[in-house]
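Following: one structure in structure tokens, then a few remarks.
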Amino acid sequence: MSQRIKIKALLESGKTDIDVTVKGWVRAFRQNRFIALNDGSTNSNLQIVVDFENTDAVLLKRITVGAAISVNGKMAASLGQGQSVEVIATDIEVLGDSDPEKYPLQPKKHSLEFLREIAHLRFRTSTFGAIFRVRNTLSFAVHQFFQERGFVYLHTPVITQSDAEGAGEAFHVTNFDLDNVPRTDTGEVDYKQDFFGTATNLTVSGQLEGELGAMALSDIYTFGPTFRAENSNTTRHLAEFWMIEPEMAFYDLNDNMDLAEALLKYVIKYALEKNREDLEFLNQRLLDEEKTKPQAERSELSLLDKLQFCLDNNFERLTYTEAIDILKDSTPNKKKKFQYLVEGWGTDLQSEHERYLVEKHFKKPVILTDYPKDIKAFYMRQNEPDAQGRQTVRAMDILFPGIGEIVGGSQREERLERLEQRMDEMGIPKEELWWYLDTRRFGSAPHAGFGLGFERLVLFVTGMGNIRDVIPFPRFPKNAEF
RNA sequence: UCCUGAGUAGCUCAGCCGGUUAGAGCAUCUGACUGUUAAUCAGAGGGUCGCUGGUUCGAGCCCAGCCUCAGGAGCCA
Numbered sequence: 001m002s003q004r005i006k007i008k009a010l011l012e013s014g015k016t017d018i019d020v021t022v023k024g025w026v027r028a029f030r031q032n033r034f035i036a037l038n039d040g041s042t043n044s045n046l047q048i049v050v051d052f053e054n055t056d057a058v059l060l061k062r063i064t065v066g067a068a069i070s071v072n073g074k075m076a077a078s079l080g081q082g083q084s085v086e087v088i089a090t091d092i093e094v095l096g097d098s099d100p101e102k103y104p105l106q107p108k109k110h111s112l113e114f115l116r117e118i119a120h121l122r123f124r125t126s127t128f129g130a131i132f133r134v135r136n137t138l139s140f141a142v143h144q145f146f147q148e149r150g151f152v153y154l155h156t157p158v159i160t161q162s163d164a165e166g167a168g169e170a171f172h173v174t175n176f177d178l179d180n181v182p183r184t185d186t187g188e189v190d191y192k193q194d195f196f197g198t199a200t201n202l203t204v205s206g207q208l209e210g211e212l213g214a215m216a217l218s219d220i221y222t223f224g225p226t227f228r229a230e231n232s233n234t235t236r237h238l239a240e241f242w243m244i245e246p247e248m249a250f251y252d253l254n255d256n257m258d259l260a261e262a263l264l265k266y267v268i269k270y271a272l273e274k275n276r277e278d279l280e281f282l283n284q285r286l287l288d289e290e291k292t293k294p295q296a297e298r299s300e301l302s303l304l305d306k307l308q309f310c311l312d313n314n315f316e317r318l319t320y321t322e323a324i325d326i327l328k329d330s331t332p333n334k335k336k337k338f339q340y341l342v343e344g345w346g347t348d349l350q351s352e353h354e355r356y357l358v359e360k361h362f363k364k365p366v367i368l369t370d371y372p373k374d375i376k377a378f379y380m381r382q383n384e385p386d387a388q389g390r391q392t393v394r395a396m397d398i399l400f401p402g403i404g405e406i407v408g409g410s411q412r413e414e415r416l417e418r419l420e421q422r423m424d425e426m427g428i429p430k431e432e433l434w435w436y437l438d439t440r441r442f443g444s445a446p447h448a449g450f451g452l453g454f455e456r457l458v459l460f461v462t463g464m465g466n467i468r469d470v471i472p473f474p475r476f477p478k479n480a481e482f
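Count the first sequence with UniProt numbering and you get residues 1 to 482, in order.
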């Protein structure tokens, strides 16, 4: 018996007349003769040809959709149309049966909603196989991009002390018996008795710790899970998601934008090369789906065209103030088609405004910079007021078609006085962040960084519509199953 | 959390104005066929109509509350 070979390697070799052993899961068993076998190494199934007239009937009955089997046989040029080679089986062993009455997957198209309910089995579909292979490639490409540039991969803590930076609701971490929480004389929760001796929560961002690393190692990045206890119920939010947060000493906002754009292009290009077959499958899946939609709702570019377009064009860079001017003059604003009309300077852009800029006006990724100070975080570097006295910060958001904000970042405020003043204004407790402020006290330097939502990136590259379909086991309000 | 829509067989869905025994395709099972590509043909089995309560002679359908899902919004990555 020969050693097991993965289907991807076998199909790539294209060899015939060799003895092989393959193992995988049955996707379909047609006409008692043809097994479509998939082992997850590639989107393609391997066709196994069974000589059913000379095979034990009991064994044939056990070859059902979902069963795990091992096959010995000889590679041959296929007589059929759908594949170039196939395995003529000489010996089949069922490693794990799959009761067809109970196995929920059928050799047909299932709805994504249904598959989400059986997330433990959806890996076995072509669509999710492709998605998670692409996700893996993107993840690897992120590391490779930064490693090629001398960045240090820094592990920032998952458990952090209190929610000082105010980046959304955090999950509490405690060792208390929740039926009997210790309290102080005044009736408040006595965190001194808790595991860490203080209130703690799951991280909402590794940025502040990342900055500490950058102020010694120059260029660092984090890539890990992040948690938000927001009651968000959308196609682009999760309670647990993965974020990439680079932080670079001696970078200004332009360097920051250059890096972010280079990163996005690098990983998209990498996926197009490494996962061509998967992306072609996802591309076709979308095209089939579009056929059912009215003409007006169909997208102008296919998935593959959209990705290539993204590589071939510079992202449009403009300031918040310029964006407001464009939006004010836009047709939907004048015709009052926006739900929220753009009137003055200073309020945050609504989703519909971002979509207009990205999908209608520029028709490509857009980087918005220099937002009003009042709608952004305390740590962003303050610009001098403009001629009209308007105050902005060196923020940048990258907006992608269909996704919205995929990157949010800024040049950081490195001037101690300005930073402390802003923290006071916003009610951020300076004492709790003494360690953060120390970087501004000792050898402070200009620096910048950003956060890239990894699932939003996977969403864009795979062309999927719901973020819950691009992470293996999504966590969202009212759901932590699997 | 707000707005809109949905929940009927394992899956996808139909079910008229409230009226007898709730249907179809696929899947499953049985048989036939055997170079198929979501195989084909014939037959069979399969239902707490999301849950709770109400209106009514009678509720899958009307009303109320709740649960879950989808899309959009907010928060954001």
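Glycine included, every Cβ here is placed at the ideal spot set by N, Cα and C.
Cβ shell of residue i (< 6 Å), same chain only, five flanking positions each side left out
i: residue 485; result: Residue 485 lies beyond the range of the chain shown here (1 to 482); nothing can be said about it.
i: residue 452; result: 244, 407
i: residue 383; result: 392
i: residue 115; result: 122
i: residue 342; result: 327, 328, 333
Closest by C-alpha distance to residue i, when choosing among the options
i: residue 71; options: 78, 107, 63; result: 63
i: residue 458; options: 84, 138, 8; result: 138
i: residue 359; options: 381, 154, 53, 299; result: 299
i: residue 48; options: 59, 234, 92, 40; result: 92
i: residue 328; options: 217, 58, 356, 392; result: 356
i: residue 365; options: 380, 338, 308, 401; result: 401
i: residue 399; options: 332, 234, 68, 350; result: 350
i: residue 494; options: 149, 186, 196, 153; result: Within the shown structure, residues of the chain are numbered from 1 to 482, placing residue 494 beyond reach of any answer.
i: residue 454; options: 181, 479, 142, 261; result: 142
i: residue 215; options: 15, 456, 448; result: 448
i: residue 234; options: 28, 456, 388; result: 456
i: residue 305; options: 279, 326, 318; result: 279
i: residue 107; options: 20, 225, 439, 27; result: 27
i: residue 78; options: 403, 11, 55; result: 11
i: residue 34; options: 18, 85, 13; result: 85
i: residue 416; options: 396, 431, 438; result: 438
i: residue 29; options: 45, 18, 22, 17; result: 45
i: residue 467; options: 404, 259, 442; result: 404
i: residue 377; options: 481, 207, 109, 302; result: 207
i: residue 260; options: 110, 187, 221, 289; result: 221
CB contact flag (residue i, residue j, <8 Å)
i: residue 311; j: residue 274; result: no
i: residue 470; j: residue 236; result: no
i: residue 145; j: residue 266; result: yes
i: residue 450; j: residue 409; result: yes
i: residue 239; j: residue 477; result: yes
i: residue 129; j: residue 105; result: no
i: residue 367; j: residue 316; result: yes
i: residue 151; j: residue 219; result: yes
i: residue 41; j: residue 15; result: no
i: residue 394; j: residue 411; result: yes
i: residue 68; j: residue 95; result: yes
i: residue 483; j: residue 224; result: The first residue shown for the chain is 1 and the last is 482, placing residue 483 beyond what the model contains.
i: residue 396; j: residue 257; result: yes
i: residue 285; j: residue 127; result: yes
i: residue 277; j: residue 43; result: yes
Delimiting residues of the alpha helix (DSSP H) encompassing residue i
i: residue 129; result: 126 to 148
i: residue 211; result: 207 to 217
i: residue 113; result: 112 to 117
i: residue 157; result: It is not in any alpha helix (DSSP H) - residue 157 carries neither H nor E in the DSSP assignment.
i: residue 268; result: 253 to 274
i: residue 239; result: Neither: residue 239 is in no alpha helix (DSSP H) and is coded neither H nor E.
i: residue 23; result: Taken as a continuous stretch (DSSP letters only), residue 23 belongs to no alpha helix (DSSP H), being part of the beta strand (DSSP E) at 19 to 30.
Residue i: first and last residue of the uninterrupted beta strand (DSSP E) it sits in
i: residue 193; result: Segment: none, residue 193 is in no beta strand (DSSP E) and carries neither H nor E.
i: residue 353; result: Per DSSP, residue 353 belongs to no beta strand (DSSP E); it is in the alpha helix (DSSP H), 351 to 355.
i: residue 70; result: 68 to 77
i: residue 450; result: 447 to 453
i: residue 91; result: 85 to 96
Close Cβ partners of residue i (< 7 Å) along its chain, the five nearest in sequence each way excluded
i: residue 462; result: 131, 134, 282, 470
i: residue 194; result: 174, 175, 176
i: residue 465; result: 235
i: residue 20; result: 2, 5, 10, 73, 75, 87
i: residue 228; result: 168, 169, 204, 239
Contacting residues, own chain, Cβ-Cβ under 8 Å from residue i (five flanking each side not counted)
i: residue 345; result: 321, 324, 372, 390
i: residue 60; result: 32, 50, 52
i: residue 250; result: 218, 445, 446, 447
What are the uninterrupted segments assigned as beta strand (DSSP E) that are 3 or more residues long and contained completely in the stretch 358 to 440, given in chain order? 366 to 372, 392 to 400, 404 to 411
Restricting to runs no shorter than 4 residues, where is the alpha helix (DSSP H) found entirely within the stretch 45 to 70? 57 to 62
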